[in-house]
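Please read the structure below before turning to the comments.
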Amino acid sequence: MTTTRLLLLVTIFSFLHYLYVSSFEYQVGDHKGWAVPPANDTRIYNDWASENRFQVGDTVRFKYKKDSVMKVTEEEYKECNSSHPSFFSNTGNTLYKLNHSGPFYFVSGVSGHCERGQKIIIKVMAPEEDYPSHGGAKKSAASRSLSLPSGVFNLATCVQLLLSYVGSHVFF
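Mature numbering (1 follows the signal peptide of the UniProt record, and there is no 0) puts the sequence shown at residues -23 to -1, 1 to 149.
Below is the structure:
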């Protein structure tokens, strides 16, 4: 009987490994949202982005009023040129999936907002960057699951905690 319980417990915990979902949703600018920054803080969005570790599959949410968000090239970003965006939204609540590693350039589509600092570069790490070999400051996938500064607590984590709780009370 004890061997059966132990085997069942090992099976449950093995299954939990597959429930791990490593994508998160970040709200651009946290509670401040997507708006023209104060004149003395035009780097607010890039400072915010540099504090996070974005991975392929993550999403970014832009919340705004009477504005828009556009994905542009690096050159268009530098020039605040929004005439040919590869993505445009003005819904007030835009969700964008980061589907590859590398930089993503976003600007406001409202005239003059980009020039006043309403733009952001989001750098998405390549999968091999998750595990720095020299003890760098980047977060690993394991530490990321424990620390969610702007991420969303996902359903898989809830299921994992529930099954762990049930397993510990049923088998021990």
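We put the beta carbon where it would ideally sit given N, CA and C, even for glycine. Note that the structure is a prediction, hence the values are computed from the model and not measured.
Contacting residues, own chain, Cβ-Cβ under 8 Å from residue i (five flanking each side not counted)
i	result
V101	F31, Q32, V33, D35, L75, H77, S78, G79, P80 and F81
R93	V13, P14, A16 and T19
Cutoff 6 Å; reference residue i; Cβ partners in own chain excluding five residues on either side
i	result
F83	V46, K48 and I97
Q95	V13 and S85
V5	W11, V37 and F39
H90	V13
I21	P14
E56	none
Exposure label - residue i; buried when at least 16 CB within 10 Å
i	result
I99	buried
H8	exposed
D44	buried
S59	buried
A26	buried
E53	buried
P62	buried
Sheet register partners of residue i (DSSP bridge)
i	result
R38	Q4 and L72
V101	F31 and G79
S66	V46
K96	V84
Other residues of its chain near residue i: CB distance less than 7 Å, five sequence neighbours each side excluded
i	result
K42	G69
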